[in-house]
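A quick write-up on the structure given underneath.
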Amino acid sequence: MAEVSAETRQAHWRKTSTLTYVILALWFLFGYVVPWFAKELDAASFLGFPLGYYFIVQGSLIIFVLLIVVQNIFQDNIDEEHGVAEE
Amino acid sequence: MNAQAQGTRFVDKLGKVYGLYTLGFLGFFALMAIIEQFGVGARTIGVLFLLFTLAIYATIGWLSRTMQVDAYYVAGREVPSLYNGMATAADWMSGASFVALAGGIYFGGYPYLGFVIGWTGGYVLVNALMAPYLRKFGCYTVPDFIGTRYGGNLARFCAVFVLVVASFTYVTAQINATGTIAARALDIPFEFGVWFGLLGILLCSMLGGMRGVTWTQVAQYIVLIIAYLVPLIWMSNEQGFGIIPHFGYGEAAQRIQQLEAEYGLQPAAEAVAGLKVLTTAHFDPQTSLDSWKFVTLALCMMAGTASLPHILMRYFTTPSVRQARKSVGWSLFFIFLLYFSAPALATLTKLQLLDPNLATAVVGKAVEDVMALEWIQNWAHVGMLAVQDQNADGIVQLNEFFMRPDIVVLATPEIAGLPYVISGLVAAGGMAAAMSTADGLLLAIANALSHDLYYKIIDPQADTRRRLVVARVLLVGIGVLAALVASLKLTGILGAVAWAFCFACSGLFFPLVLGIWWKRANREGAIAGMIAGFLAGSIYLYHVYGGGAQLWSIDHLRFGMIGMPVSLVVMVVVSLMTPEPDAETQAMVDETRIPTGDPILAETH
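Those protein sequences? They're chains A and B, same order as listed. Residue numbering for the first sequence follows the working numbering, beginning at 1 and increasing consecutively. Residue numbering for the second sequence follows the working numbering, beginning at 1001 and increasing consecutively.
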């Protein structure tokens, strides 16, 4: 296996970190900011649920699953782009 | 070699094996439903359910027996992501999730929903910060990573210590749960139930180690998810919320808020020890304190998720880094199936009891009629439920109906008037949930002690046979110790679980994250961070639990809020005050960050 150069490593890690920070920012938004304002959000409703309640029992959970899937798709692309993907 | 060959063949036909298994389980369920119609008693059905599922797990455990180190510690690193996802979900969803979570939501209202967010959102952290990198590292256990990344036996030992405290706290709660379920289903005393549960747990894990636990956990996930969803869907159909209630029970939640206003949420005139009346609104953050309680609980649970070794080590079993990431996605998906059902279950069960338009309602009915109900008598008989006419008006008021939160899920089929076969199914599901988590935890503890403490620190010359014998002796010893502690019934199920998360995140979260994400982190910093975080958290727990004043309204369920910041600050400060790690260590961190190339630790080590 070819040795991975220091520049490639750096570029790969820069992109990986940026992706991670974006994902963590969204995670913070739906895991903390939205629940914090649940009472205010309850003024609106969605599928018959008060909106704040909806996020906590369902909406945020769905978003968490999607965050992982999306991060993995982007990460696979980053790995391939820099020639460090497996197989 | 024979075992290896068998293992490979088994991995190739997983779909077929587990497909047949699921059909077989559903067939068994149908058979039980039929014999119930022929008049076979409730107790017999309960016993058959438990024994049938246990026999299957034990068989899988026997077939997975191994004498190879990598099969024993990391299931030979050949578990496909989908199945690792199921196994992780079973590993993750404990007796607390299955038995106690819906009950907690039922009684605790908004702040308790922090568990739902916390126990799912944690996986975003696992995926973003930990799992792929730890898989690349190629370790057998979590202290293996700490010991190699930071170097030295002291760092390794600290990690082992935190792991043992956190996991042991957790495992006693799980054995407690198996005891409770076995006691109720088999009609034996709790103390015997505990030993019965332990026997089942050891049958799964002792012979096959991680390989045995992996394949039984997949089987246990299938049982537990069926057992959770069937009563919910059944109840939903009877109440008219459709086949899939999850997207349509909003009206039920709003109806409850209406009923609560009608009945009034007052504390009981006279409390009953160990039981609760409903005093918290179903969903209504009253003040900003509620929001604060919500986010602090969620934060402790999320960071705890990302530091609990029995979860992290599941991602060491996949064939590649990419598969490890994928399997985190599958894990959360399978966990999500149960967690977005729990609030629905709590809501519909509460409506069954409260809504006077439903035949099953209890509140607002005559006390005499309610006392005559069979399920009320059954649970009152074991002291887990009570109806007392404290204002002597002959009507059951909301604050005269007492219940132990832990029984909400187990009692739901009876509350909703479902046939007994459903109760048997739920008991089997609860047993599967508690057993699978206990398996993972016991293995995490025994592996850390046998691999990190015995092999890496005490006797590095030990041969394979000796290592695996030591691992098994430790497994049995710790299991027995945990069962002894569990039979003392020191804590409730949900409380002990929250403690385990707080111990784990106080001691391990930052040393793990910074080990990958901050090259400058060094041995001195990691050791200081682990010790300071763990001590600060533990001392605060001792202080608050003993009745001391709370800091910023942080109670004993959230003591990670104290441990984590201390750990972070101490680790960063001490790292910066001491020399940076050598070039070799920094190169190791670089290597961890890319998926290709050899693992840091050799295939078998």
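Yeah, the Cβ is synthetic: ideal placement off N, Cα and C, and Gly gets one too. Bear in mind the structure is a predicted one, so any value in this text is a computation, not a measurement.
Item, Value
"Roughly how many whole angstroms lie between the Cα atoms of B/Ala1033 and B/Val1421?", "6 Å"
"Can you confirm whether B/Val1426, when its beta carbon is compared against all beta carbons of chain A, has any partner nearer than 7 Å?", "no"
"So, for B/Leu1449: in the same chain, excluding its five sequence neighbours on each side, which residues have a beta-carbon less than 6 Å away from its beta-carbon?", "Leu1474"
"How is B/Phe1402 classed by DSSP in three states: helix, strand or coil?", "strand"
"Between the beta-carbon of B/Gly1122 and the beta-carbon of B/Met1302, is there less than 7 Å?", "yes"
"In its own chain, which residues sit with a C-beta less than 8 Å from the C-beta of A/Lys39, not counting the 5 before and 5 after it?", "Gly52"
"Just checking my contact of B/Phe1509 with B/Val1162 at CB under 8 Å: how many whole Å lie between their CB atoms?", "Actually they are not in contact, since the Cβ atoms of B/Phe1509 and B/Val1162 sit about 10 Å apart, beyond 8 Å."
"Exposed or buried, B/Trp1330, counting other C-beta atoms within 10 Å across all chains shown (16 or more means buried)?", "buried"
"For B/Met1235 and A/Leu61, I'd like the C-alpha separation in whole angstroms.", "23 Å"
"With B/Leu1385 as the anchor, note down where its beta strand (DSSP E) starts and where it stops.", "1385–1387"
"I need the DSSP call for A/Lys15, collapsed to helix, strand or coil.", "helix"
"Taking C-beta pairs closer than 7 Å, name the residues in chain B that A/Phe64 reaches, listed in chain order.", "Thr1120, Gly1121, Tyr1123, Val1124, Leu1332"
"Quick test of the definition: if touching needs 3 or more C-beta pairs under 8 Å, does the segment 1405–1424 of chain B touch the segment 1033–1042 of chain B?", "yes"
"Under the DSSP definition of a beta bridge, which residues are partnered with B/Lys1276?", "B/Met1403"
"Helix, strand or coil: which one does DSSP assign to A/Ser5?", "coil"
"Between which two residues does the alpha helix (DSSP H) containing B/Asn1237 stretch?", "1209–1239"
"State the DSSP-derived secondary structure class of B/Ala1342, mapped to helix, strand or coil.", "helix"
"Which residue wins for smallest C-alpha separation from B/Leu1207, given the options B/Ser1291, B/Gly1061, B/Ile1233, B/Arg1255?", "B/Gly1061"
"Going by DSSP in three states, B/Pro1267 sits in which element: helix, strand or coil?", "coil"
"Closer than 7 Å by beta-carbon distance: list the chain B residues that pair up with A/Arg9, in chain order.", "Asp1590, Ile1594"
"Can you round the beta-carbon distance between B/Thr1059 and B/Phe1503 to whole angstroms, since I take them to be within the 8 Å contact cut?", "With 8 Å as the limit, B/Thr1059 and B/Phe1503 do not qualify as a contact, their Cβ atoms being about 35 Å apart."
"Taking Cβ positions only, does A/Ala38 come closer than 7 Å to chain B?", "yes"
"Under the assumption that B/Leu1468 contacts B/Tyr1072 (Cβ atoms under 8 Å), give the Cβ distance between them as a whole number of angstroms.", "6 Å"
"Please state if the CB of B/Gly1179 and the CB of B/Gly1197 are separated by a distance shorter than 7 Å.", "yes"
"According to the Cβ coordinates, are B/Arg1325 and B/Pro1599 closer than 7 Å?", "no"
"If you measure from the beta carbon of A/Val57 to each beta carbon in chain B, is any gap under 7 Å?", "yes"
"Below 8 Å, can you find three or more Cβ-Cβ pairs linking the segment 1299–1315 of chain B to the segment 1509–1521 of chain B?", "yes"
"Would you please state the rounded distance, in angstroms, between the beta carbons of B/Gly1103 and B/Val1408? I believe it to be under 8 Å.", "3 Å"
"When DSSP labels each residue in this structure, what does A/Phe50 get in the three-state scheme?", "Note on identity: in this sequence residue 50 of chain A is Pro, with Phe being the wrong assignment. Looking at A/Pro50 - three-state DSSP - the assignment turns out to be strand."
"In this structure, how does DSSP classify B/Ser963 when only helix, strand and coil are distinguished?", "Absent from the structure is residue 963 of chain B, since the part of chain B shown begins at 1001 and ends at 1605."
"Span of the alpha helix (DSSP H) holding A/Lys39?", "38–41"
"Would B/Gly1560 pass as an interface residue toward chain A - the criterion being a Cβ-Cβ separation below 7 Å?", "no"
"Report yes or no: is there a C-beta of chain A within less than 7 Å of the C-beta of B/Glu1368?", "no"
"If we define contact as Cβ-Cβ less than 7 Å, is B/Ala1128 a contact residue for chain A?", "yes"
"I want to see whether chain B comes within less than 7 Å of A/Val84, judged by CB atoms only; does it?", "yes"
"Report yes if the C-beta distance between B/Glu1270 and B/Gln1174 is below 7 Å; otherwise report no.", "no"
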